[in-house]
Structure formats: structure tokens, C-alpha cells
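Under the numbering used here, read the sequence shown as residues 11 to 242, first letter to last.
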Amino acid sequence: MTTIGIFGTGRMGVRLARMFAQAGQKVILGSRSINRATEIVKGLGQETISAGSYADAANADVILPGMFLRDGMLDILSPWRNHFDGKVYIDISNPFNDTYTDFILPWDTSGAEQIQHRFPKTRVVGAFKNVWWEVFDAPIFGDTVSDVFVVSNDTEAKAKFMSLVEHTPFRYIDAGELKNARTVERMTLLSGELGQRYGYFPRMNYKLLGEAWTLGQNDHLGSLIAGKQSRS
Ligand SMILES: NC(=O)c1ccc[n+]([C@@H]2O[C@H](COP(=O)([O-])OP(=O)(O)OC[C@H]3O[C@@H](n4cnc5c(N)ncnc54)[C@H](OP(=O)(O)O)[C@@H]3O)[C@@H](O)[C@H]2O)c1
11 MTTIGIFGTG
21 RMGVRLARMF
31 AQAGQKVILG
41 SRSINRATEI
51 VKGLGQETIS
61 AGSYADAANA
71 DVILPGMFLR
81 DGMLDILSPW
91 RNHFDGKVYI
101 DISNPFNDTY
111 TDFILPWDTS
121 GAEQIQHRFP
131 KTRVVGAFKN
141 VWWEVFDAPI
151 FGDTVSDVFV
161 VSNDTEAKAK
171 FMSLVEHTPF
181 RYIDAGELKN
191 ARTVERMTLL
201 SGELGQRYGY
211 FPRMNYKLLG
221 EAWTLGQNDH
231 LGSLIAGKQS
241 RS
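Printed below as a string of C-alpha cells:
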């Protein structure tokens, strides 16, 4: 069985630990304070989660840091960089500033790309970036299953990620290459603002709507419009 090593016992780390355990995966919940992790794991009551340090999390097969870039995440993880080589790194980061009003990174990069640059031999898969923490407590919106956009430059790593999230309560959308994290991360900035405006915050997520489109199905409308254009 694959073990997922989570770094940090914050809002996301604890909920993702619970979600992966409920989906049948083995999890190490790593913390700067093993006592804190131990108490949380006791409270979660899931047999497949164990408490540990960051070093324990770094030894897992797949790693998932649940901390902020603005808090120095890249430097905090650096001591274990060699443990990350060849492993799938599930990146959930959004590069928010302290006031959540903007990002600390410019438009032409993303948290995911910065992580890949810093740990070049790890296999970064960006996911869960738009899922606000409270959504994990009740993931279904009425009858609607919401989306998680998944980005990576590594097709095998993306497939591995997809196998780990089987039996979790989201639909996973292949959102292409890692550079698309620039857009996906900024979608969180937008949803945060919209959520505050419309009173949804933090219970909201995205859902891509669409239907398969058959070539020629709109020929009638197309010819009407073309006819109108040729008369004008
Ligand atoms: N909150 C959301 O709704 C949400 C949604 C999508 C993505 N994300 C992303 O998920 C990541 C974690 O977000 P979060 O909301 O779960 O964060 P959080 O509640 O603030 O938790 C962050 C955890 O990081 C660890 N940590 C290590 N060094 C730290 C330091 N110097 N200062 C503060 N904490 C430190 C702490 O765990 P230990 O003390 O146990 O080590 C802390 O509990 C971020 O990159 C964020 O952008 C968040």
C-alpha cells in the first residue's frame, strides 16, 4: 500500500489526511510537534493514519506538504530534498500573501512551478488548490460533486495521483501542464473574493459544465447566421 506523508497539521493537512485514510490509503501526518500530531490522529480515529515528524513524512512514498509558501515552505522542506527525488509530490499551495488579498508570486509563475524548480527531481502534481478547507467536511453540494483541477508535466505521476484519489468525493479534471497552475491558483484568489461578496466563503468550489459536442450539430443555426451575414 502507498503511504502518503503529509507535512503540517493545519486546516488542509488534517482534512486531507482524513480524506485519504477514508479512501483506503495509509497516511503519516507529520508535524513540527509530534505531540500535536498524536493528539489529532487520536481524535481522527482512523486506523491507517499515524502521527510523526516532518522527517517521518519525508520517508513516505508520496509527499503532500500542507503549509504556506509565505511561511517559508521551500526552505522548511529543504533538509529532506533528497528524500523527494523520484517521488510524487502533491502540491496544494496557493501563494497567498498574509492578508489573502494577493499573491506573493508574479503572474508568470506559480507555486507549483516554484516547487518543481526548487526540487527538480520530484514529480510535482498540483491539485486541491481551489478546494477551501471546509468543503472537505461536507464535500457534496446538494447533488453536485465539485471539481479538482490536476496539473503536472509528468503523465505517470498524474496517473499515480488519479489512482490515489479513487473513492474520494470529487471529480478530477486533467487540467494539463504545470504552467496551468498559474491559472488554477489564481482561480482560488478569485473564488475567495467572490465567496466573500456572495456570502459563500469558505464553502465553495468550482464545477466545469459541458456537454460533448458533435461536429455539425449547429449547422442549422450556423447557416441562418451565415445567411443573415451575407444579406447585411
Ligand atoms: N485553507 C484552504 O482553504 C486552502 C485551500 C487550498 C489550498 N490551500 C493551501 O494549503 C496550504 C496549507 O494551508 P492551510 O490553510 O492548511 O494552512 P494552515 O492552517 O495555516 O496550516 C499550515 C501548517 O503548516 C505548518 N507550518 C510549518 N511551518 C510553519 C510556519 N513557519 N508557520 C506556520 N505554519 C507552519 C503547521 O503545521 P505543524 O505545526 O503541524 O508543523 C501549520 O499547521 C497552503 O499552501 C494553502 O495555500 C489552502
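Here a beta-carbon is modelled for each residue, glycine too, at the ideal position from N, C-alpha and C.
query: In this structure, how does DSSP classify Asp229 when only helix, strand and coil are distinguished?; result: helix
query: What separation, rounded to the nearest whole angstrom, lies between the Cα atoms of Ser162 and Leu234?; result: 43 Å
query: Give me the Cα-Cα distance between Thr178 and Gln32, rounded to the nearest whole angstrom.; result: 8 Å
query: May I have the straight-line CA-CA distance separating Leu39 from Ile16, to the nearest angstrom?; result: 5 Å
query: Expressed to the nearest angstrom, what Euclidean distance is found between the alpha-carbon atoms of Ser88 and Arg213?; result: 33 Å
query: At a cut-off of 7 Å, would you count Trp117 as near ligand 1, judging by its Cβ distance to the nearest heavy atom?; result: no
query: According to DSSP, what are the bridge partners of Ile73?; result: Gly15, Tyr99
query: Just to confirm before moving on: does the CB-CB distance between Asp95 and Lys131 stay below 8 Å?; result: yes
query: In chain order, which beta strand (DSSP E) runs of at least 3 residues are fully inside the segment 16 to 80?; result: 36 to 40, 59 to 62, 72 to 75
query: Classify Val24: buried if its beta carbon has 16 or more other beta carbons within 10 angstroms, exposed otherwise.; result: buried
query: Going by DSSP, what residues sit across from Asp184 in a beta bridge?; result: Val160
query: Between Pro149 and chain D, is any beta-carbon pair separated by less than 8 Å?; result: No chain D appears in this structure, which consists of one protein chain only.
query: Expressed to the nearest angstrom, what Euclidean distance is found between the alpha-carbon atoms of Phe211 and Ile150?; result: 16 Å
query: Work out the CA separation of Gly232 and Leu218 for me, nearest whole Å.; result: 25 Å
query: How about Glu195 and Pro105: are their beta carbons less than 8 Å apart?; result: yes
query: So what does Phe113 bridge to, in DSSP terms?; result: Phe106
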